[in-house]
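Peer 1: Structure provided below as structure tokens; questions to follow.
In my numbering, the protein residues as written are 287 to 487.
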């Protein structure tokens, strides 16, 4: 019998749940007491869950196969990371594609004519329910940010255009360590959507 190569939905019983942190922010931290369904007599065990609304990441590529990148300070990592335009799903039930369009405009001042869904991935399912949807954006033109204002780390953000081949090389040799960048760049490469494979196709 062929084994299914896929994640499958499953829900283990939660005996109790305690909020460790909850505020007006779109994140929360809770502790769940969980039981194994196959072992109802075992004692429940605690698992910490970081609740997250989900996010989007945009690999924006121009006609010269350059990628719009950002440099942004990330306090937990104590690093200025090379990243892609990205952001949270701000409203419950928000369409990821609409959020991606918003983030590309707000962070990069760009709009895209062509959108391709690349993949979706849970960032670290052992601790958080964060699920990121990844998009490739092409047909880029300047857009109007209107009165949107960048604040905090984003106010110090740099933008730069990086040849896709150079970004791919930096992902492969460890110079870029932001996981969403790696996922977006390598998925686009594997699917032949960016770089030499896209040009030759």
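Backbone N, C-alpha and C define an ideal beta-carbon position, used for all residues, glycine too.
Note that the coordinates shown come from a computational prediction; the quantities given were computed from them, not determined experimentally.
Within its chain, find whatever has a CB closer than 6 Å to the CB of residue 339; leave out the 5 residues flanking it on each side and keep chain order.
Peer 2: The answer, listed in chain order, is 312, 374, 375.
Peer 1: Rounded to the nearest angstrom, what separates residue 390 and residue 399 at their Cα positions?
Peer 2: About 12 Å.
Peer 1: According to DSSP, residue 359 sits in a beta bridge with which residue or residues?
Peer 2: Note: residue 359 sits in a beta bridge opposite 366.
Peer 1: Measuring straight from C-alpha to C-alpha, what distance separates residue 321 and residue 296?
Peer 2: Rounded to whole angstroms, residue 321 to residue 296 spans 13 Å at the Cα level.
Peer 1: Got a sec? Which residues, its chain only, sit under 6 Å from residue 422 by beta carbon, not counting five neighbours each side?
Peer 2: Answer for residue 422: 345, 402, 404, 474, 479, listed in chain order.
Peer 1: Buried or exposed for residue 410, please, with buried defined as at least 16 other CB atoms from any protein chain shown within 10 angstroms of its CB.
Peer 2: Per the 10 Å Cβ criterion, exposed.
Peer 1: Report buried or exposed for residue 304, applying the criterion of at least 16 other Cβ atoms within 10 angstroms of its Cβ.
Peer 2: With fewer than 16 Cβ atoms within 10 Å of its Cβ, residue 304 is classed as exposed.
Peer 1: In terms of residues, what are the limits of the beta strand (DSSP E) holding residue 449?
Peer 2: Element bounds for residue 449: 444-449.
Peer 1: Quick check: the region 324-340 against the region 356-363, are there 3 or more CB pairs under 8 Å?
Peer 2: These segments do not touch.
Peer 1: Beta-carbon within less than 6 Å of residue 416's beta-carbon, same chain only, minus the 5 sequence neighbours each way: which residues are those?
Peer 2: 338, 409.
Peer 1: Taking the continuous alpha helix (DSSP H) assigned at residue 414, which residues delimit it?
Peer 2: Note, residue 414: premise wrong, no alpha helix (DSSP H); not H, not E.
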